[in-house]
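Student: Under the working numbering, the residue at position 61 of the sequence shown is numbered 41, and the numbers go up by one with no gaps.
Glycine included, each C-beta is placed from N, C-alpha and C at the ideal position.
In this text the structure is predicted, and so the values were computed from the model without any measurement.
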Amino acid sequence: MKTNIYGLLLEEMEELIVSIGIEKYRTKQIVEWLYQRDVDSFMEMTNLPLAKRSLLANAFEIQKVSLKRQLNSKDGKTIKYLLGFSDGEAVETVLMRQPYGNSVCVSSQVGCGMGCVFCASTLNGLVRNLSAGEMLSQVLFINQILKQEGKAVNNIVIMGSGEPLANYDNVIKFIRLCHEAYCLNLSYRNVTLSTSGIVPVIDKLSNEGLPITLSISLHAPDNSIRSSIMPINIHYKIEEIIAAADRYTKNTGRRVTYEYTLIAGINDDTEHAKQLVKLLKGKIINVNLIPVNDVIERGLHRPKQDKIKNFESVLRLNHINVTVRKEMGADIQAACGQLRNESLNK
Ligand code: SAH
C-alpha cells in the first residue's frame, strides 16, 4: 500500500522522502506542487529530476477525491458534493458561499456511530474513520474550484458526517495541516469543530493548544429528552458537557456555541426554552437554533415559524446571544448524510 501524500505534516514528509533517497530540501518543492499547483501526479513535478519523481511515485499516492454527485441550491450559494475515496466509500462535503467568506463543511467519518435520531448520517451506522489526508482532500477539491474564480476556502466547519471527537488524532492532524502556511494557511479561529459531547475528549481538545471554535450539539434542555434523541447522553450528561465547555473557554479563550436543533413536539416549547435559559444564563456563549431538516425516515419535522420565533425570543429576553441558522441548502438535502443515503438506497 502506498502512502497518501496528503495528510503528511512537513516533518513527516521530510523523514519519509529522505528514507527513500530524496534530499530533505525538496519537501518545499513537493508541497508547492501539491497545494499551490494542485498536480495530479508526481510526473508533473518538473523541477525534480525524473529519477526522484519515480521514487516518489513508487512510494506515495496523490489521493484526490472523485466527484460522484453534486447538488446546487436554487440560490446558487450552497453546493453539496458527494465525494468518493479510493476504496469506493463516499462522503458529503458542502460549500457555503457566505457574506463573510467561503465555508466548507467537512465530513470526518464515513457514516456515524452516534445514533442521533434526527440525523441521516447515522442511519446505517459507522463505516470507518477518515484519515487526515481524506479530510484535507475534501477541502482541496473545493479550494481548487474556488481558485478558478480567484477565491479560496476561508472557513472550515467539521460538521459533516461523523463524530470528529471519535476520530481525534486524524481530525487534529487535519486541522494542523489546514493551518500550515504551505497548505491552506487558515487561522485556527476560522476552523469550527462540532461534537455531540464526548466529555473526556473535549477536555483533551482544551489542552491541545489549538484555539479553534467549539460547537456543541446540545439539542435538548434536560437529560431525559436529550437521552431520547442522542444516545451519547446516556454516558455524558448535560451538566458534565456544559462544565467541559466552560473549561474549554477558560483554557482557550474561545466562546463555545451550543447548537440546538428544533424538532416539532419534542424540544420546541416555551418551557424548553426556559429550561435552556436556566442552564446557560450568564455564560459567555452563543446559541444557534437549527430548525430540523425533516428526516422522513424517522417522522421528524421542523416546528412552525411562530414556534421558532417564540423560542428565540425567550432566549433573547434572557440576554442569551442567539441566532437562527439561515437555511442554506434546505432544498438540496443539506442535513448530514441525506445525499449519501439516497445514493446508497439506489
Ligand atoms: N457529530 C457532530 C458533527 C456532525 S452533526 C455533532 O454531533 O455535532 C453536525 C450538526 O448537524 C449537529 O449539530 C447535528 O445535530 C446537526 N444535524 C444533524 N441532522 C440534522 C437535521 N436533520 N436537521 C438539522 N440539523 C441536523
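Expressed to the nearest angstrom, what Euclidean distance is found between the alpha-carbon atoms of Ser83 and Thr250?
Tutor: Counted from its first residue, the sequence shown places residue 83 at position 103. Counted from its first residue, the sequence shown places residue 250 at position 270. Straight-line Cα distance between these residues: approximately 33 Å.
Student: Which partner residues of Pro271 appear in the DSSP bridge assignment?
Tutor: By one-based count along the sequence shown, residue 271 stands at place 291. Bridge partners of Pro271: Leu242.
Student: Given Phe291, which residues of its chain have a CB within under 7 Å of its CB, disregarding the five upstream and five downstream residues?
Tutor: Mapped onto the sequence shown, residue 291 falls at position 311. If we look at Phe291 and ignore the five residues flanking it on each side, its Cβ neighbours are Leu242, Asp248, Ala253, Leu269.
Student: Using DSSP with H/G/I as helix, E/B as strand and the rest coil, what is Gln50?
Tutor: Mapped onto the sequence shown, residue 50 falls at position 70. Reduced to three states, the DSSP call for Gln50 is strand.
Student: For Asn38, is the classification buried or exposed, using 16 other Cβ atoms within 10 angstroms of its Cβ as the cut-off for buried?
Tutor: As a position in the sequence shown, residue 38 is number 58, starting the count at 1. Classification for Asn38: exposed.
Student: Label Ser204 either buried or exposed according to how many other C-beta atoms from any shown protein chain fall within 10 Å of its C-beta, with 16 as the threshold for buried.
Tutor: Looking up residue 204 in the sequence shown gives position 224. Exposed is the call here.
Student: Restricting to runs no shorter than 3 residues, where is the beta strand (DSSP E) found entirely within the region 193 to 219?
Tutor: 193 to 197, all fully within the region 193 to 219.
Student: According to DSSP, is Tyr61 helix, strand or coil?
Tutor: Reading the sequence shown from its first residue, position 81 is the one you call residue 61. Strand, per DSSP.
Student: Need the endpoints of the beta strand (DSSP E) that Val90 sits in, please.
Tutor: For the purposes of this step, residue 90 is taken as the residue at position 110 of the sequence shown. 89 to 91 is the extent of the beta strand (DSSP E) around Val90.
Student: So within the region 85 to 170, which uninterrupted beta strand (DSSP E) runs reach at least 3 residues, ignoring any that extend past its ends?
Tutor: Correct list: 89 to 91, 106 to 109, 135 to 138.
Student: Within 8 Å (strictly less), CB to CB, does Asn27 reach chain C?
Tutor: Given the protein chain composition of this structure (a single chain), no chain C is represented.
Student: In terms of residues, what are the limits of the beta strand (DSSP E) holding Gln78?
Tutor: The residue labelled residue 78 in the question sits at position 98 within the sequence shown. Taken as a continuous stretch (DSSP letters only), the beta strand (DSSP E) holding Gln78 covers 70 to 78.
Student: Can you list, in chain order, the residues of its chain with a C-beta nearer than 6 Å to that of Leu145? Leave out the 5 residues immediately preceding and following it.
Tutor: Translated into the one-based positions of the sequence shown, residue 145 becomes position 165. Within the same chain, Leu145 has close Cβ partners Thr175, Ile178, Val181.
Student: I need the straight-line Cα distance from Leu47 to Tyr61, nearest angstrom please.
Tutor: For the purposes of this step, residue 47 is identified with residue 67 of the sequence shown, where counting begins at 1. For the purposes of this step, residue 61 is identified with residue 81 of the sequence shown, where counting begins at 1. C-alpha separation (whole angstroms): 7 Å.
Student: Using CA coordinates, which residue listed in Ile212, Phe65, Ser21 is at the minimum distance from Glu338?
Tutor: Nothing about residue 338 can be read from this structure; the chain reaches only from -19 to 326.
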